[in-house]
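Position 177, counted from 1, in the sequence shown is what the numbering used here calls 177; the numbers after and before it change by one each time, with no gaps.
C-beta: ideal position from N, C-alpha, C; glycine also.
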Amino acid sequence: MLTLYGYWRSSAAYRVRIALNLKGLDYQAKSVHLIKEGGQQHFEDYQALNPAQLVPTLVDGDFTLNQSMAILQYLDDVYPQHPLLPEDKIEKAKILAFALDIACEMHPVNNLRVLQHLKSPLGHSQEETENWYRHWLKVGFDALETRLAAHGSKYCFADHISMADLALVPQVYNAIRYQLDMKAYPKILAIYENCLAIDAFFKASPEQQEDAH
Ligand SMILES: N[C@@H](CCC(=O)N[C@@H](CS)C(=O)NCC(=O)O)C(=O)O
1 MLTLYGYWRS SAAYRVRIAL NLKGLDYQAK SVHLIKEGGQ QHFEDYQALN
51 PAQLVPTLVD GDFTLNQSMA ILQYLDDVYP QHPLLPEDKI EKAKILAFAL
101 DIACEMHPVN NLRVLQHLKS PLGHSQEETE NWYRHWLKVG FDALETRLAA
151 HGSKYCFADH ISMADLALVP QVYNAIRYQL DMKAYPKILA IYENCLAIDA
201 FFKASPEQQE DAH
């Protein structure tokens, strides 16, 4: 039995939900509300599961795993249907690098706890915090849009869904939420729309989750 501890608006959990859906895996979703009650990720029982106090955490039987990119890799290794990475080693490395541009460079600087820290104790306003958010989105998306000229098509890497798309789609959701002007990124936006037309992506989207709002 697979259990995913996540939160509807968590982009890292969103990556994993897409993978589970693509692979047709049944899972139980457990909500860890990141805002309510001071953030349930800080509760003792959740810390026992994931001392990093972040979502997602995947439990597969007696095995517990954090870090969404490690979870994607684990799911791909153990449940190989609908692979997220190709056999070709060069192509695989390129896809991983693209996904990590998002997961390692863009996501961490705009994480909830970073935004909260900017406000208190550092004293930045809501407007300054949102400008920070959009700044790092722009830096990341500028590079990704350029990269997509080389290999983007229907999806990030030609016409095959890959781990790159699973990383990109949640990041675009966040960008739209934070009102980044997406007109500068026609390739990214087209891929986002192509992905959301697929049931596995749509069902994984934040508003479709039981704990939404
Ligand atoms: N690198 C981690 C990032 C996990 C992460 O930062 N999750 C966010 C939600 S997307 C979170 O739990 N934030 C809670 C907080 O900042 O307190 C992963 O990919 O799983």
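CA-to-CA distance, residue 96 to residue 189, given in whole angstroms: For residue 189 and residue 96, the distance between alpha carbons rounds to 20 Å.
Is the Cβ-Cβ distance between residue 79 and residue 205 less than 9 Å? Taking 9 Å as the cut-off, the beta carbon of residue 79 is found no closer than this to the beta carbon of residue 205.
For my contact list, residue 191 and residue 168 are in at a C-beta cut-off of 8 Å; report their separation, rounded to the angstrom. Cβ-Cβ separation between residue 191 and residue 168: approximately 6 Å, consistent with a contact (criterion under 8 Å).
Leaving aside the five residues before and after residue 196 along the sequence, list all residues of the same chain whose C-beta is less than 8 Å from its C-beta, in chain order. Excluding positions up to five away in sequence, the list reads 169, 202, 205.
Can you give me the Cβ contacts of residue 57 inside the same chain, cut-off strictly under 6 Å, excluding the 5 residues immediately before and after it? Taken in chain order, the residues that qualify are 5, 49, 50, 66.
Compute the beta-carbon to beta-carbon distance between residue 11 and residue 124, rounded to the nearest angstrom, for a pair I have assumed lies under 8 Å. With a Cβ gap of about 22 Å, residue 11 and residue 124 do not count as contacting.
Name the one or two DSSP bridge partners that residue 60 has. According to DSSP, which records beta bridges pairwise, residue 60 is partnered with 2, 63.
Can you list the beta strand (DSSP E) stretches of 3 or more residues lying completely in the segment 109-169, in chain order? At a cut-off of 3 residues, not a single continuous stretch assigned as beta strand (DSSP E) sits fully inside the segment 109-169.
Quick one: using the 10 Å Cβ neighbour count with 16 as the cut-off for buried, is residue 61 buried or exposed? Per the 10 Å Cβ criterion, exposed.
Cα-Cα, which of 54, 40, 76, 183 is closest to residue 21? Proximity to residue 21 across 54, 40, 76, 183 peaks at 76, based on C-alpha coordinates.
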